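Colleague: First, the structure itself, so that you have it in front of you.
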Amino acid sequence: MVLRIEDTDVDRSEARFEDQLIADLKWLGLNWDEGPDVGGSYGPYRQSDRLDIYREHAEKLLSQHKAYLCFCSEEELQKDRERATAEHRQPIYSGKCRALDPAGALRRRAAGEPCAIRLRIPEHPIRFHDIVHGNVEFSNEVVSDPIILRSSGMPVYNYVVVIDDALMKITHVIRGDDHLSNTPKQVAVYEALGWPVPEFAHLSTILGADRERLSKRHGATSIANFRDMGVLPEALVNYLALLGWAPTGGTREIFSMPELVKEFSLQRVTPSPAVFDMEKLYWLNRHYIKNSAPERIEKLAQPYFSQVIGDIVAAPGTRATADSSQVPDLGKWLATVIQLLAPSVDRLDQLPEKASLIFHYDAAAALAASDNAEVLAWPQTDAVLARFTYKILEDESAREGKLMPEQFKKIVNEVKAETGAKGKELFHPIRIVVTGSHSGPEFDKLIPILEEGSRLPLPKPVLNVHQRVSQFAKARGK
RNA sequence: GGCCCUGUCAUCUAACGGUUAGGAUACUGCCCUCUCAAGGCAGGUAUACGGGUUCGAUUCCCGUCAGGGCUACCA
874 MVLRIEDTDV DRSEARFEDQ LIADLKWLGL NWDEGPDVGG SYGPYRQSDR LDIYREHAEK
934 LLSQHKAYLC FCSEEELQKD RERATAEHRQ PIYSGKCRAL DPAGALRRRA AGEPCAIRLR
994 IPEHPIRFHD IVHGNVEFSN EVVSDPIILR SSGMPVYNYV VVIDDALMKI THVIRGDDHL
1054 SNTPKQVAVY EALGWPVPEF AHLSTILGAD RERLSKRHGA TSIANFRDMG VLPEALVNYL
1114 ALLGWAPTGG TREIFSMPEL VKEFSLQRVT PSPAVFDMEK LYWLNRHYIK NSAPERIEKL
1174 AQPYFSQVIG DIVAAPGTRA TADSSQVPDL GKWLATVIQL LAPSVDRLDQ LPEKASLIFH
1234 YDAAAALAAS DNAEVLAWPQ TDAVLARFTY KILEDESARE GKLMPEQFKK IVNEVKAETG
1294 AKGKELFHPI RIVVTGSHSG PEFDKLIPIL EEGSRLPLPK PVLNVHQRVS QFAKARGK
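To get my numbering, take the position in the first sequence, counting from 1, and add 873.
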């Protein structure tokens, strides 16, 4: 595999795009044997560094009369096209300069008259084979003589890709089917140069939910977007592979990169366009999050917490305090938070919001929340709340911020015995007191996180169970 | 407008011309569970339409319709 930078459009090419592209591809897990960053024996790998090669071949085609000089101005061409469309004709180049005397044309160019070089499209239908679409044929009547070298001296995409693909010995041209209509022009270049035509595979377009081509307003469209959302590369690669392709049998869906390398075949790619389904990508992402090493997820997830906890984790050393035996390791603590929450998110960037039950406690908001209204109105709720609050406030370990899950469980069981409440009627009110919401992760894991978290030197401290309960009691005014 | 590509559940897709048209996501229900999620189980929903060819069309051919692309001195 070769990485080649196609930057013949000066206006749209910037060095930072190249860096971004390379970073994105590497993140996806793609590697190439040759490219601008790694070198190779068929370089240079930036089209802007290959201009001499393109000009040389263009002159060769010109001298063989397979191409010709065109002196038409852009305005003229524009007008021709409009007229053709209005008269319901093919909007192709009129061929005005096709019949120009070559020697005379050369003299005009030497005199400084601006001109482009056009390729002469042959007088027969252009056929080529496509792995996805089969045999494709275009009538030469509908293919314009393409400009291969602009009057500015810059060559054009449809021409340079052919030169590069041939010189770099590319065997398979795999790209989006928006290039299918360009292919006859490219085939004509191969034929004019007497070069063998490679295999083509035109993959279908990916559409948004509205069946329009995927664009910015559909949300994430660049690889970096997905990375920033906290989509794992293997999930994105797996999902993309499933768009337009399925293995023999069509039942298996989970594929690692090496498995894809082994199983994927262009012959099984469907030609029909596919709608991008974010939910299915999330499904795969959840799968890979759950099946990744916890350390990896912790590391990937940490950046999303920097707003919540400051940059303490990122700056080692700052967490050392006088009483280090009392202060838990922030990194380790955050790891347990991430482990607790990661299995329930679609994307890693949803973690801070999930973690708000740990970082943000607001008793008044919990009491006012419409989600909680039903639970708070249950007949048993008042009794449960009263007994639970009393016991936590009286509990010595809770007061010290060192409530253990076992002790918490004991208290809950006492409340259960004293009030007769069980199941939801018992736990929902307690959850509301402790987390502000009637649903959430298991208490066994949550309690230690809250208690340890309260001892951490965070910009905004985490409240322990005792603090939460007393705030709740105050907010309730009972 | 012209040319090209495409058309199986809502979505991604499977099915040498013969299958009760299969799987997955999403959805619904049940189980598990203190809740939610996860997990397990079950369920509904599809061959765009009209003509051919054929004993038999999702499958081959034609037309219609719909969607997409190209129609640049963009890539």
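For each residue, glycine too, the CB sits at the ideal point set by N, CA and C. These figures come from a predicted structure and were not determined experimentally.
Let me make sure I understand the geometry here. Which of D1051, A1147, L898, S1077 has the alpha-carbon closest to that of D1083?
Modeller: Looking at the Cα atoms, A1147 is the closest of the given residues.
Colleague: Provide the residue(s) that pair with E1010 in DSSP beta bridges, ordered along the chain.
Modeller: Answer is R1000, bridged to E1010.
Colleague: Taking the Cβ atom as the reference point for each residue, do G1350 and Y1234 lie within a distance shorter than 8 Å?
Modeller: No, Cβ-Cβ distance for G1350 and Y1234 is not below 8 Å.
Colleague: If you reduce the DSSP assignment to three classes, tell me which class G1123 lands in.
Modeller: Coil at G1123, not helix or strand.
Colleague: With 16 other CB atoms within 10 Å as the buried threshold, where does E887 fall?
Modeller: So E887 counts as exposed.
Colleague: Can you tell me whether M1102 is buried or exposed? The criterion is at least 16 other CB atoms within 10 Å of its CB, across all chains shown.
Modeller: Under this definition M1102 is a buried residue.
Colleague: Cα separation between F944 and G968?
Modeller: About 11 Å.
Colleague: Considering Cα atoms alone, identify which of L1116, V1257, P1057, D882 is closest to G1081.
Modeller: Checking every option, the nearest Cα to that of G1081 belongs to L1116.
Colleague: Could you tell me the distance, in whole angstroms, from the CA atom of S914 to the CA atom of E907?
Modeller: Approximately 8 Å, taken between the alpha carbons.
Colleague: Assign A1193 to buried or exposed, taking buried as 16 or more other Cβ atoms, counted over all protein chains shown, within 10 Å of its Cβ.
Modeller: Residue placement at A1193 cannot be trusted, given a pLDDT of 44 that sits under 50; what the coordinates show is reported in the next sentence. With fewer than 16 Cβ atoms within 10 Å of its Cβ, A1193 is classed as exposed.
Colleague: What's the call for N904, buried or exposed, on a 16-neighbour Cβ count within 10 Å?
Modeller: Its Cβ having fewer than 16 others within 10 Å, N904 is exposed.
Colleague: Output the boundary residues of the alpha helix (DSSP H) element that contains G1354.
Modeller: A question about residue 1354 goes unanswered here, because the residues of the chain that appear run from 874 up to 1351.
Colleague: If you count every other CB in all the chains shown that lies within 10 Å of the CB of H961, and 16 or more means buried, which is it?
Modeller: Exposed: under 16 other Cβ atoms inside 10 Å.
Colleague: Give me the Cα-Cα distance between A1114 and S1145, rounded to the nearest whole angstrom.
Modeller: About 14 Å.
Colleague: Between the beta-carbon of A957 and the beta-carbon of R993, is there less than 8 Å?
Modeller: Not a contact, by the Cβ cut-off of 8 Å.
Colleague: I think Q893 touches A1065, with their Cβ atoms under 8 Å apart; what is that distance to the nearest whole Å?
Modeller: Going by Cβ atoms, the distance from Q893 to A1065 rounds to 35 Å, so no, they are not a contact pair.
Colleague: Secondary structure at G908, three-state DSSP: helix, strand or coil?
Modeller: The answer is strand: DSSP assigns G908 an E or B state.
Colleague: By how many angstroms is the C-alpha of S936 removed from the C-alpha of D1018?
Modeller: Distance between the alpha carbons of D1018 and S936 is about 17 Å.
Colleague: To the nearest angstrom, report how far apart L950 and Y966 are at their CA atoms.
Modeller: Cα to Cα, the separation comes out at about 7 Å.
Colleague: Between the Cα of P1314 and those of L1213, F1261, E1324, spot the shortest distance and give me the residue it belongs to.
Modeller: The shortest Cα separation from P1314 among L1213, F1261, E1324 belongs to L1213.
Colleague: Please give me, in chain order, every unbroken run of the beta strand (DSSP E) with length at least 3 that falls completely inside the region 925 to 994.
Modeller: For the region 925 to 994, whole beta strand (DSSP E) runs of length 3 or above, ordered along the chain, are 940 to 943, 989 to 992.
Colleague: Counting Cβ pairs, one atom from each stretch, are 3 or more of them under 8 Å apart for the region 1333 to 1341 and the region 1283 to 1303?
Modeller: No, they do not touch.
Colleague: Hey, how far is the Cα of I1231 from the Cα of L1323?
Modeller: Those two C-alpha atoms are separated by around 7 Å.
Colleague: State the Cα-Cα distance for the pair N1164 and Y1177, rounded to the nearest angstrom.
Modeller: One C-alpha to the other measures close to 20 Å.
Colleague: What are the complete beta strand (DSSP E) segments, minimum 3 residues, inside the region 1007 to 1069?
Modeller: Complete beta strand (DSSP E) runs here, min 3: 1007 to 1011, 1020 to 1022, 1045 to 1049.
Colleague: Whole angstroms is fine: what's the gap from Y927's alpha carbon to G1007's?
Modeller: If I take the Cα positions, the gap works out to 30 Å.
Colleague: Within its chain, find whatever has a CB closer than 6 Å to the CB of I1020; leave out the 5 residues flanking it on each side and keep chain order.
Modeller: A989, R991, V1029.
Colleague: In the region 1066 to 1102, which residue ranges form an unbroken alpha helix (DSSP H) of at least 4 residues, counting only runs that do not cross its ends?
Modeller: The qualifying runs are 1096 to 1102.
Colleague: With DSSP as the reference, please indicate the residues paired to R1159 in a beta bridge.
Modeller: None, per the DSSP bridge assignment.
Colleague: Closest by CA to A1039, which one among P1321, A1242, V1060?
Modeller: The shortest C-alpha separation from A1039 is found at V1060.
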